[in-house]
Amino acid sequence: QVQLVESGGGLVQAGGSLRLSCSASIRIFSTNNVMAWYRQAPGKQRELVAQITTGGTTNYADSVKGRFTIARDNAKNTVHLQMNSLKPEDTDVYYCNLRIYSSVYWGQGTQVTVFS
Numbered sequence: 032q033v034q035l036v037e038s039g040g041g042l043v044q045a046g047g048s049l050r051l052s053c054s055a056s057i058r059i060f061s062t063n064n065v066m067a068w069y070r071q072a073p074g075k076q077r078e079l080v081a082q083i084t085t086g087g088t089t090n091y092a093d094s095v096k097g098r099f100t101i102a103r104d105n106a107k108n109t110v111h112l113q114m115n116s117l118k119p120e121d122t123d124v125y126y127c128n129l130r131i132y133s134s135v136y137w138g139q140g141t142q143v144t145v146f147s
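If you want my numbering, it's the position in the sequence shown, counting the first as 1, plus 31.
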């Protein structure tokens, strides 16, 4: 069973920064996979924030381009999300996601709250 453990959420003032981390219980460099961060507000659908392939190709939601950076450390089986210039509308629960072919795995979520 693959496990994803997130860390780094918290409370931050608008304009500040947070760094989320997600550690996987498997060797993420040994398979073709995509690691991603999603976020979800109460009553809304979960939406993709950023994703990165094994080869390092990235994709971002328009709302976070230029502010968020996703990176993976294959040696540590970890993916990070550096979030800068945070806005109150970035407040959500953030979920780590791992896709290996047709298998999809989720972390438990970490709360990010941005206050003005």
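Glycine included, every Cβ here is placed at the ideal spot set by N, Cα and C.
#1: Per the DSSP calculation, Gln82 is bridged to which residue(s)?
#2: Would you mind stating whether Ala102 and Ile131 have Cβ atoms separated by less than 9 Å?
#3: In the DSSP assignment, the beta strand (DSSP E) including Thr122 goes from what residue to what residue?
#4: Given a cut-off of 9 Å on the beta-carbon distance, is the pair Phe146 and Ala67 in contact?
#5: For the putative contact between Gly39 and Ser52, defined by C-beta atoms under 8 Å, what is the C-beta separation to the nearest angstrom?
#6: Would Tyr126 pass as a contact of Trp137 if the rule is Cβ separation under 9 Å?
#7: Along the chain, where does the beta strand (DSSP E) containing Ser116 start, and where does it finish?
#8: Which residues mark the beginning and the end of the beta strand (DSSP E) in which Gly41 is found?
With the structure as the only source:
#1: Ala67 and Asn90
#2: no
#3: Per DSSP, Thr122 belongs to no beta strand (DSSP E) and is neither H nor E.
#4: no
#5: Correct: roughly 5 Å between the Cβ atoms.
#6: yes
#7: Here Ser116 belongs to no beta strand (DSSP E), and DSSP marks it neither H nor E.
#8: Judged by DSSP secondary structure, Gly41 falls within the beta strand (DSSP E) whose first and last residues are Gly41 to Gln44.
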